[in-house]
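K.L.:
I'd like to ask some things about the structure below.
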Amino acid sequence: MKNNIQYNFLTSHFLLLICLLPVACCLLPVEANAQRDTTKRQSIDITSSYKPVLKNAVKINLSASPLAADTTRQRMAYDIPAQNLFFSYQPISLKPLSLTRDTGLQLGGRNFVKAGFGNLSTPYINAALSFGDGKTSLLNVYGNYISSKGKIDNQDFSELNLKATGSYFSTTNETYGGVGVSQHEYYQYGYDHSLNSFLKDDIRRRYQDIALNAGFRNTTENDFKVNYDPNAALHFFSRGNKVSESSLILEAPVEKRFGEQVAFKVVARAELTDHTNKTGATDLKITNNLLQLSPELVYYSDMFTFHGGVTPSWDNGVLSVLPNIYGEAQLQHNILMVQAGWVGRYINNSFRSLSLMNPYMQDPSFLLNTKETQYYGGIKATLGKHFSFNAKAAFINYKNMPLFINDAADGKSFYISNESRMNNLHIHGDMNYVSQDKFTLSGALDLNTYT
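Spelled out as structure tokens, the structure:
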């Protein structure tokens, strides 16, 4: 019995202890918080310093690999101009063959003779002979003759021209020269045959000209890209043994190229003329000299071409500066082109040059050079594959223009009158129609309005 009482007592105390244990656990934090010392400031104690370290970078290993071949065919745009020639043959495949020397083609050894006879008793002959191989030397001889007898009394004329030219070729240059002889005979038949009568010797105009020329030029481009062609010409002109004239013409053109599109050109030219007339009681002597220097800058391109420069000229010692500016521009490639310019020049007038324009003239008593200044503009166009045309308008100013006026005293000759100032509105147009190599039609029109 005593043992049961003790057992019950222990069991009841054990259960009570188990019930109080959770309550004690809950009160412990409260007690701990209640006893924290809040007078002390909060701080962080660092026991070791932090040292950041970067991770080692991974090395990139490059390995080269060949690119894949691009076998795709590109589409190219081709601009083919209008074709005016069409051939009936078909192209064949090309096969390489060994090159053989062509002995059949020789630049020398080409000759021709052309002869004929027309109405009004007009014989005609034209011939040319060539000598040399055309590679190291070349000599050409030319000759032509024509004469005619008209239905009017003394309406006769004859022209004889003989000329020889030669060239010697070196590796990079050509030396050339020539000699020519001409004799032209005319009769001043324009008088009133019912009122006047003249002996044939009195109205005969027989002109002789002996010409010599020589020059030296390069045939290949040199290291300095300079092209040159200095040359000289000498004329001995006369009318019978009464009027004589000698002319010396010197010219030295030089061109310096800067690449493919820019060039600088200079042309120096001198024309020295001495004229002597022995038909009067006293000899008449005329000296006419003209010196010109023409520097210009040239620009070339596929769509635009420009020339810009001036021409200082000394006309018998009087200085004049003439313009030399002109250009062309393609608004549409190979279809439409415009052109414009402001250019000037001197025309050397001599007894020889004037007689070529009017062989029935009287002997000149003075010689003046003509100054010409021109403003012009125009277009060139191609329509379709066969038709092309050119239109141009120009305003031209002349100073000291020689005019041929019929001599009313006898009516058989023309005397020279000098026009100090004259203007000309010039309009030019031409067209061409080409159909393969079978048919070609060309036409041109020039209108001149002088004031």
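Under the numbering used here, the first residue of the sequence shown carries the number 5, and numbering increases by one thereafter. Ideal Cβ positions, reconstructed from N, Cα and C, are used throughout, including at glycine.
Consult DSSP for Phe161 and reduce its assignment to one of helix, strand or coil.
P.N.:
Phe161: strand per DSSP, three-state reduction.
K.L.:
Cutting at 6 Å between CB atoms, please list the residues of its own chain near Thr453, excluding the five before and the five after it.
P.N.:
Once the five neighbours on either side are set aside, the close Cβ partners of Thr453 are Leu429.
K.L.:
In this structure, how does DSSP classify Lys204 when only helix, strand and coil are distinguished?
P.N.:
The answer is helix: DSSP assigns Lys204 an H, G or I state.
K.L.:
Between which two residues does the beta strand (DSSP E) containing Ser317 stretch?
P.N.:
That run of the beta strand (DSSP E) goes Phe308 to Asp319.
K.L.:
When you compare the CB positions of Glu425 and Lys389, do they come within less than 7 Å of one another, or not?
P.N.:
In the sequence under discussion, the amino acid at residue 425 is Arg, which differs from the Glu named in the question. It is not a contact, given that the beta carbons lie outside the stated cut-off.
K.L.:
Alpha carbons only, please: which of Pro406, Asn427, Ala398 and Gln366 is nearest the one belonging to Ala412?
P.N.:
Nearest option by C-alpha distance: Gln366.
K.L.:
Between the region 298-307 and the region 252-265, do three or more beta carbon pairs fall short of 8 Å?
P.N.:
Because the criterion of three Cβ pairs below 8 Å is met, the region 298-307 and the region 252-265 touch.
K.L.:
Cα separation between Arg79 and Glu264?
P.N.:
Distance between the alpha carbons of Arg79 and Glu264: 29 Å.
K.L.:
Quick check on Met80: does DSSP put it in helix, strand or coil?
P.N.:
Coil, per DSSP.
K.L.:
Would you kindly work out how many angstroms separate the C-alpha atoms of Gly112 and Gln187, rounded to a whole number?
P.N.:
Confidence in Gly112 is poor, its pLDDT being 48 and thus under 50, which makes the residue's placement unreliable; the coordinate value appears in the next sentence. The alpha-carbon atoms of Gly112 and Gln187 are separated by roughly 28 Å.
K.L.:
Output the boundary residues of the alpha helix (DSSP H) element that contains Leu358.
P.N.:
Where Leu358 is concerned, the enclosing alpha helix (DSSP H) stretches over Phe355 to Met361.
K.L.:
Got a sec, what are the start and stop residues for the beta strand (DSSP E) Val258 sits in?
P.N.:
Its beta strand (DSSP E) spans residues Val247 to Phe262.
K.L.:
Output the distance between the C-alpha atoms of Ile156 and Arg208, rounded to the nearest integer angstrom.
P.N.:
Distance between the alpha carbons of Ile156 and Arg208 is about 15 Å.
K.L.:
On the CB-based measure, 16 or more other CB atoms within 10 Å of its CB, does Met341 come out buried or exposed?
P.N.:
With 16 or more Cβ atoms within 10 Å of its Cβ, Met341 is classed as buried.
K.L.:
Take the Cβ of Tyr303 as the centre, count every other Cβ of all protein chains shown within 10 Å, and call the residue buried at 16 or more, exposed below.
P.N.:
Exposed: under 16 other Cβ atoms inside 10 Å.
K.L.:
Work out the CA separation of Leu133 and Lys153 for me, nearest whole Å.
P.N.:
Near 29 Å, if we compare the C-alpha coordinates of Leu133 and Lys153.
K.L.:
Would a C-beta distance cut-off of 7 Å place Gly219 and Asn235 closer than the cut-off?
P.N.:
Yes; because the gap between Cβ atoms is below 7 Å, this pair is in contact.
K.L.:
According to DSSP, simplified to helix, strand and coil, what is Leu522?
P.N.:
Nothing can be reported for residue 522: it is not among the residues displayed for the chain, which extend from 5 to 455.
K.L.:
Output yes or no for whether 7 Å exceeds the beta carbon distance between Gly170 and Leu143.
P.N.:
Yes. Within cutoff.
K.L.:
Below 8 Å on the Cβ atoms is my contact criterion, and I expect Thr223 with Thr179 to pass it. Report the Cβ-Cβ distance as a whole number of Å.
P.N.:
So it is not a contact: roughly 11 Å between Cβ atoms.
K.L.:
Mind listing, in chain order, the continuous alpha helix (DSSP H) runs of no fewer than 4 residues lying wholly within the region 191-237?
P.N.:
Here the runs fully enclosed are 204-207.
K.L.:
So the candidates are Ala385, Arg243 and Tyr193; which of them puts its Cα closest to the Cα of Ile214?
P.N.:
The residue with the shortest Cα to Cα distance from Ile214 is Arg243.
K.L.:
Give me, in chain order, the residues of the same chain whose beta-carbon lies closer than 6 Å to that of Ser162; leave out the 5 immediate sequence neighbours on both sides.
P.N.:
Excluding positions up to five away in sequence, the list reads Ser151 and Glu189.
K.L.:
Tell me the rounded alpha-carbon separation between Arg221 and Arg114.
P.N.:
Their backbone Cα atoms lie some 24 Å apart in a straight line.
K.L.:
Please state the DSSP three-state secondary structure of Ala73.
P.N.:
Looking at Ala73 - three-state DSSP - the assignment turns out to be coil, as it is neither helix nor strand.
K.L.:
Count the other C-beta atoms from every protein chain shown that fall within 10 angstroms of the C-beta of Thr315, then say buried if there are 16 or more, exposed otherwise.
P.N.:
By the neighbour-count rule (16 or more Cβ atoms within 10 Å), Thr315 is buried.
K.L.:
Work out the CA separation of Tyr128 and Phe135 for me, nearest whole Å.
P.N.:
Answer to the nearest angstrom: the Cα atoms are 24 Å apart.
K.L.:
Among residues of its own chain, excluding the 5 on either side of Tyr195, which ones have a beta-carbon nearer than 6 Å to its beta-carbon?
P.N.:
Excluding positions up to five away in sequence, the list reads Asp414, Gly415 and Lys416.
K.L.:
With distances taken between CB atoms, is the gap from Asp278 to Leu294 smaller than 7 Å?
P.N.:
No, these two residues do not count as a Cβ contact at 7 Å.
K.L.:
Near Phe228, which residues of its chain fall below 8 Å by C-beta distance, leaving aside the five closest residues on each side in sequence?
P.N.:
Excluding sequence neighbours, Phe228 sits near Lys260.
K.L.:
Cutting at 7 Å between CB atoms, please list the residues of its own chain near Pro368, excluding the five before and the five after it.
P.N.:
Answer for Pro368: Phe355, Leu358 and Ile420, listed in chain order.
K.L.:
Kindly indicate the opening and closing residues of the beta strand (DSSP E) around Gln440.
P.N.:
Unbroken run through Gln440: none, as it is neither H nor E.
K.L.:
Could you give the residue range of the beta strand (DSSP E) that holds Asn464?
P.N.:
Given a span of 5 to 455 for the chain in the structure shown, any question on residue 464 remains unanswerable.
K.L.:
What separation, rounded to the nearest whole angstrom, lies between the Cα atoms of Leu32 and Lys55?
P.N.:
Below a pLDDT of 50, predicted positions are generally treated as unreliable, and Leu32, at 47, falls in that range; the measurement from the model is reported next regardless. Rounded to whole angstroms, Leu32 to Lys55 spans 41 Å at the Cα level.
K.L.:
Pull up the CB-CB distance for Ile400 and Glu376, whole angstroms please, since I reckon it's below 8 Å.
P.N.:
Contact holds; Cβ gap of about 6 Å.
K.L.:
Please state whether DSSP places Arg114 in a helix, a strand or coil.
P.N.:
Correct three-state label for Arg114: coil.
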